[in-house]
Each structure stands twice: as structure tokens, then as C-alpha cells.
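Q:
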Amino acid sequence: PQRCYREPQRCYREPQRCYREMVRAAAERVMMCVGHMVSLATGSRRCWPVQIMAAGAQGSVSIFEEPLELLRELIQIQREHGFLGQDQLRALSQARGVPLYHLEGLVSFYPTFRRTPPPRDTVEICRDVICAMAGGAQRCRELAARWNHNDDVEIQEVSCLGRCDAAPAGALNHVPLAPANLMDAGQLDASLERPSADPEQPATQPRRWKCDPYADPEMRYGTVRALSSDPSSLAATCLAHLTDSGLSGMGGAGFSTARKWSAVADAAGPVKYVICNADESEPGTFKDRVILEQLPHLVIEGMLLGALTVGAQHGIVYLRHEYQREQVALEQAIHEARRQGILGANAAGSGRPFEIEVFVSPGGYILGEETALLEALEDKRGEPRNKPPYPSTCGLHGCPTLINNVETLALATAIVHHGSAWWRTAGKDDFWGLKFVSISGDVQRPGVYEIPVGTTVAELIDLTGGMRDGGELKAFLPGGASSNFLPAAAVHTPLDFTAMRDAGSMLGTGAVMVFGAERDLFSLATNLVRFFRNESCGKCVPCRLGSRYAVDLLQGVSQGDVPTAALNELAPLAETLQQTSICGLGQVALNPIESMLRHFPEAIPR
């Protein structure tokens, strides 16, 4: 069947659940329950082992008429009740025939869910590196002291909210707060004392972007309209332009976009998916947020071009849950595309169906990893899968799946529209293309900038107005929290995958974090390692325990309880994590502290 692995005996992930393969033998009624969820050899709908076993005893097999959407139901229940109580979970378990332990497993894994009634107001304050630099941690302590006597108010430290350009980032009842409102005691107290008050959401000013080929909104989707009359020619055109452009994935790994599209196109299967990974959650990374708000039509068109190229019928935007305003903009753009006939049964006049839906993540940095994302979409705990098989051949529900991030899809649209020759001349000097970068930290105007590839870090800082208050640059991270620190001497390195790798770091997510001369780099590196510890899914023992041990060691050194010689333990620990972690989180978790110690040994507390 289309949703199962090639060989049923290989489906053995978790023994307590069944995967997608069940062979029905009329004489023996043999079940093969050895993985996660199951599919019948006679169809692709999903069911649970408890249903099959009960039905098998009666001589028949019953399955759901519709796919399970447990996470969406859990989110909706929490939206209605404020929390997920045991009564609600039991009711859902009985209504859907799902084991209660599975629901408990989901609720305990995803940070969005809560098991106790919420207070009237919840204030969330980011604790990660850029917001910590801006006083977020101190502000959290002040607010906790101010409101800890009030049962109606809860003050929470949370991981990155994706608004590092407005540090310290905070939210009141999950609605973003402007930094001025967060830091002004009078304004925030007034909001908390008036439950009906609607927090002010910081606005993003619309801009004209070089990669957007449509000066007039009426011209949007012109690229796919022009090509869609001949889908086979469209596929060849898209793959040729992407191959000639050398476009790399902009989500961090930098894998060839053309190779990924080709792999899914060549994969066998009657059902294929296109997924836009919009779950950027790494500290310092917020470029996709701006693209979704201001250029959603390019993302939608990129998904459709990808779908027509690989033969997919279904599209999903996997969106981080903190991006409420961006969700509104995206859903409005999807509705407009549907109204224009770009999406639907005859997508853009191609004669092929293609639809896009938005799936809001239940939270967690690990879900940015593509296979963890797939697990969440299949109503499972978001733990990364072993690879191979890769999503290009065995992705969502076992089907070939194309997964690209927001920026990659937007740039793919621009490349197919203008041609690869345009892309090769869009860069600076001998570099090719354009790049969205988010820059934060000790600069005058943090934000998202569209730059020619090859622009140096120094030139990018100049675009922001220079260092904050005329300060001196000490260090920077060129590719987000998972990249290596580089010293000020490397500031003339071009923002390019190869150039950054040669300099000893990586371009990663395109998140440049800038640190002035007065910053305590040891403390900041510890903050970054703590983020990875907090966000580890716990599946890999070395990652779970190794990141915890590293944070304990660093905190001990900082407090003077552990001798600095103990820092020598970090190198072999990092090597162990790199070699044994299933996904990239464990492999990069100690990058910040290792590179900081290499370039700035004087920052070690004495």
C-alpha cells in the first residue's frame, strides 16, 4: 500500500504501537503489529491496534473513515478549556478509539500543552541569548517578584519566541508584546490589571524585496500560470533552472534544492506531499517570519511549482505556534490563491489538483528537524527518525515527500521566474544569488535584510547602522545558535556557505548574532548550550545526558565550584555527541562553547 514501508518486517520502531503495514489473510487473519500505526494491504486508511485486535476477533477489520488529527484536536480542546484535563483526554480516547497512553505521550512531549488550569494572564519572556543580553532574564525575575502573590498572573521563562529583532521578546496571553510595553512596569501592570486589554502587537513595515518579481499584486502567480499548461515541460524547466542556479536549502543544512526535487520526482508512489517547513525556532533566526508575513505568495507559488514538478497533490505549511500574525497573512494568501484558481482541483490550469493547509506546531525546537516534523504530522511524539529511508522516498505516511523551508521556496519561485542566469548575476563579485539574513544583538537596527550573496559581515553590520552606541565588535555567530563563534578579525568574511565553512563556522540558518566588546562570551555560550539542553527531545541518550552534563559543568565553572581544567572534558564529549546523535541538535549542541574556548580562552572565568 502507498503508506507502508517496502518490507513490513522492517517496520519496528516502537513495539507498543503499530506502523503502517498489516497483511490480511482471510484464513489466518494474521496481523503484523511491529511499528507505529498500521495500514491495510487493501487500503491506506489508518487505524489503531486496539481496534484491529477487537475487530479481528469478530472476523472483520474496522478503520477510521478519516485520518487521525489528534494534535489538532488536543490543541482545539486546550483552546476551549484552557488546559488538557484527565476527563478531556479520556473522552477523546473513547471517542477516537485511541489508547489513553498515546494521548498522554503526546501531551507530555509538546510544550504547548498544559495539564492544569491556566491563570487569567500569562506573561512569557524569552530567556535565550539575544533577549538575555537585552535584560529579559532580569525583567522576568522582577515581574515574578512583583506578581508571585497573585494567582491570576503567571510569569514564565520560555525558549526563543522568534522576535530577536525586538529583544527582549515577550508575550501576554500568547500575543506578542512590544519591548517598551514589556520593560515599562506601568504599562505592563496596567495590562495585567485589565484582563480585557488587548496587548499591542509590534508591526512589520512592508518593503519591496528584490526577489519578488511581482510589482503589482495582480501579476502574482504569473510564473506558474505561464508554465502550468504543460506540466511535463514545467518540471523540466524548474529542475533545469534550479540545477543551473545551484540553489541550496536555506534551512541550515544547505542541501542542493534541485537534487531534493529530483529525488522526490523520481520516487515511485501514487501519493506525494510538499511540506513547507516554517518552524524556524533557533535563537537569532526570524527571517522566515518576515517572508511569511510579506511574501506569502512566493512561498505558495514555490510549493505549487514543487508539487507540479514532483507530482504531489497535497501541501502542508508546518508553522511555529508563536507566529499568529504570520498565520493570518499566510491563510489570507492561501484563500486568495484558491479564489484565483491557483489552488484547487485544477491548480493554475494545470489539470492537476493541489491544495495547501496550515498545520500549527504544538511547539518544540526539535520539530524543525524534518523527520521530527513528519512524526508530529502523523500524530506522534516529535522524535527524529533514523535515516535512511529519507523523506524523499519515505516521508509523510510513508509517501515520497518534498520538504523545503520558507526561504528556499520563495527563492525557487524567483529563480524559475527570472531564470538561473539572473540568479548567477544577483550576487556580489563572483558569488551567486540573494540571501535573507536576520541580524540581532549589538547593532543599531536589528532585523531582516535581503543581501547579495558575498556581502561580508562587516557590510551587513553597516547596513544596520553599525554597532549599537558606536561600540566595538568582539565576536559574532554567522549562522545562528548552532554555528561557531568567530572573532572580530573574521568580520570581512562573505556570507556564503563555502566562505563561512572555510572560516571555521557555517552560514546555517542565516542568523547573524553580533556581540560587542563588553559581552561575557562564556556566559553567552553557556546560554546557547543550555538552549540545546532544554530543547533535546531525549531520544538519544548521549544528547540527553551529554547536553545536561555540559551545562552543569559550565555553570559549575562559572560559579567557581568546578575547576577550569574540567573544560577539557568538553572536546571528547562533543565528539561523542557528533558521532552518536540521530539528528543535528546533538551534533551541534556544543559548537558555541567549543568555538568560544578556541577563540576566546581569556573569557574563561578564573
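Note that the working numbering gives residue 291 to position 278 of the sequence shown, counting from 1, and the numbers run on in steps of one. Quick reminder that beta carbons are idealized off the backbone N, C-alpha and C, glycines included. A quick note: this is a predicted structure, and the numbers were derived from the prediction, not measured.
Three or more beta-carbon pairs under 8 Å between the segment 533-543 and the segment 304-322, yes or no?
A: No: the two stretches stay apart, fewer than three of their Cβ pairs being nearer than 8 Å.
Q: Within the same chain, show all residues whose beta-carbon is closer than 8 Å to that of Pro131, passing over the 5 residues directly before and after it, in chain order.
A: Excluding positions up to five away in sequence, the list reads Gly95, Phe96, Glu167.
Q: What residue range does the beta strand (DSSP E) around Phe489 cover?
A: Start and end: 486-490.
Q: According to the neighbour-count rule (16 or more other Cβ atoms, all chains shown, within 10 Å of its Cβ), is Gly569 buried or exposed?
A: Classification of Gly569: exposed, given that the 10 Å Cβ count is below 16.
Q: Please state whether DSSP places Phe510 in a helix, a strand or coil.
A: Phe510: helix per DSSP, three-state reduction.
Q: Excluding sequence positions up to five away, which residues of its chain have a Cβ less than 7 Å from the Cβ of Ala346?
A: Counting only Cβ-Cβ distances below 7 Å, and skipping sequence neighbours, we find Pro309, His310, Ile313.
Q: Suppose you measure from the CA of Tyr336 to the CA of Lys441; what does that come to, to the nearest Å?
A: So the alpha carbons of these two residues sit roughly 32 Å apart.
Q: Taking the Cβ atom as the reference point for each residue, do Cys177 and Ser518 lie within a distance shorter than 9 Å?
A: Cβ atoms of Cys177 and Ser518: not closer than 9 Å.
Q: For a quick check, are the C-beta atoms of Leu387 and Gly408 less than 9 Å apart?
A: Result yes, Cβ atoms of Leu387 and Gly408 sit closer than 9 Å.
Q: Quick check on the DSSP output: what are the complete beta strand (DSSP E) runs of length 3 or more inside the segment 386-446, in order along the chain?
A: The segment 386-446 contains these whole beta strand (DSSP E) runs: 414-418.
Q: If you compare alpha carbons, which of Ala239, Asp392, Asn359 is closest to His430?
A: For the residues Ala239, Asp392, Asn359, the minimum Cα distance to His430 belongs to Ala239.
Q: If you follow the alpha helix (DSSP H) that Gln340 is part of, which residue opens it and which one closes it?
A: 337-352 is the span of the alpha helix (DSSP H), which, as asked, contains Gln340.
Q: Give every residue of the same chain whose Cβ lies closer than 7 Å to the Cβ of Arg365, excluding the five residues on either side of it in the sequence, and list them in chain order.
A: Same-chain partners within the cutoff: Pro244, Leu321.
Q: Given a cut-off of 9 Å, decide if Ser269 and Gly259 are closer than it, judged by their beta-carbon atoms.
A: Yes, they are a contact pair.
Q: Using 8 Å as the cut-off, classify the Cβ of Cys173 as near or not near the heavy atoms of the ligand HEM, replying yes or no.
A: In terms of ligand content, the structure shown is empty, and the ligand HEM therefore cannot be addressed.
Q: Taking the continuous beta strand (DSSP E) assigned at Phe544, which residues delimit it?
A: Not the beta strand (DSSP E): Phe544 falls in the alpha helix (DSSP H), residues 534-548.
Q: Identify every residue that forms a DSSP beta bridge with Glu170.
A: DSSP lists Ile138 as partners of Glu170.
Q: Which stretch, first to last residue, makes up the beta strand (DSSP E) that contains Asn290?
A: Unbroken beta strand (DSSP E) run through Asn290: 286-291.
Q: Kindly indicate which residue of Arg140, Gly297, Gly357, Leu105 has the alpha-carbon position closest to the one of Gly493.
A: Ranking the options by Cα distance to Gly493, first place goes to Gly297.
Q: Taking the straight line between their C-alpha atoms, what separation do you get for Phe444 and Gly479?
A: Cα to Cα, Phe444 sits roughly 24 Å from Gly479.
Q: Would you mind sorting Leu113 into buried or exposed? The rule is 16 or more other CB atoms within 10 Å of its CB.
A: With fewer than 16 Cβ atoms within 10 Å of its Cβ, Leu113 is classed as exposed.
Q: Give the single residue among Trp160, Gly183, Asn163 whose Cα lies nearest to the Cα of Glu170.
A: Ranking Trp160, Gly183, Asn163 by Cα distance to Glu170 puts Gly183 first.
Q: On the premise that Pro413 lies in contact with Thr406, defined as a C-beta separation below 8 Å, what is that separation, rounded to the nearest angstrom?
A: Correct: roughly 6 Å between the Cβ atoms.
Q: Classify Asn581 as buried or exposed, calling it buried when 16 or more other Cβ atoms lie within 10 Å of its own Cβ.
A: That one is exposed.
Q: What distance in whole Å lies between the Cβ atoms of Lys487 and Arg532, which are believed to be in contact at a cut-off of 8 Å?
A: The Cβ separation is near 6 Å, so the contact holds.
Q: For Gly467, tell me which candidate among His254, Leu102, Glu306, Val504 has the shortest Cα-Cα distance.
A: Gly467 has its Cα closest to that of Val504, out of His254, Leu102, Glu306, Val504.
Q: Count the other CB atoms, across all protein chains shown, that sit within 10 Å of the CB of Pro491; report buried if there are 16 or more and exposed otherwise.
A: So Pro491 counts as buried.
Q: Starting from Glu370, trace the beta strand (DSSP E) both ways and give me its first and last residue.
A: Run containing Glu370: 368-373, per the beta strand (DSSP E) assignment.
Q: Going by alpha carbons, who is nearest to Asp509 out of Gln107, Gly267, Asp292, Leu83?
A: Of the listed residues, the one whose Cα sits closest to Asp509 is Gly267.
Q: Which of the three DSSP states is assigned to Tyr378 in this structure?
A: Note: Tyr378 maps to helix in three-state DSSP.
Q: Tell me whether Lys448 is buried or exposed, calling it buried when 16 or more other Cβ atoms sit within 10 Å of its Cβ.
A: So Lys448 counts as buried.
Q: Are the Cβ atoms of Leu185 and Thr135 separated by less than 9 Å?
A: Yes.
Q: Is the CB-CB distance between Asp392 and Arg333 below 9 Å?
A: Contact: no.
Q: If you drop the 5 nearest sequence neighbours on each side, which residues of the same chain put their C-beta closer than 7 Å to that of Ile530?
A: Sequence inspection shows Ala at residue 530; the Ile mentioned does not correspond to that position. Gly484, Glu485, Lys487.
Q: Taking Cβ positions, are Ile90 and Asn290 nearer each other than 9 Å?
A: No, they are not a contact pair.
Q: Count the C-beta pairs between the segment 142-161 and the segment 100-117 that are closer than 8 Å, then say yes if the count reaches three, no if not.
A: No, the segment 142-161 does not touch the segment 100-117.
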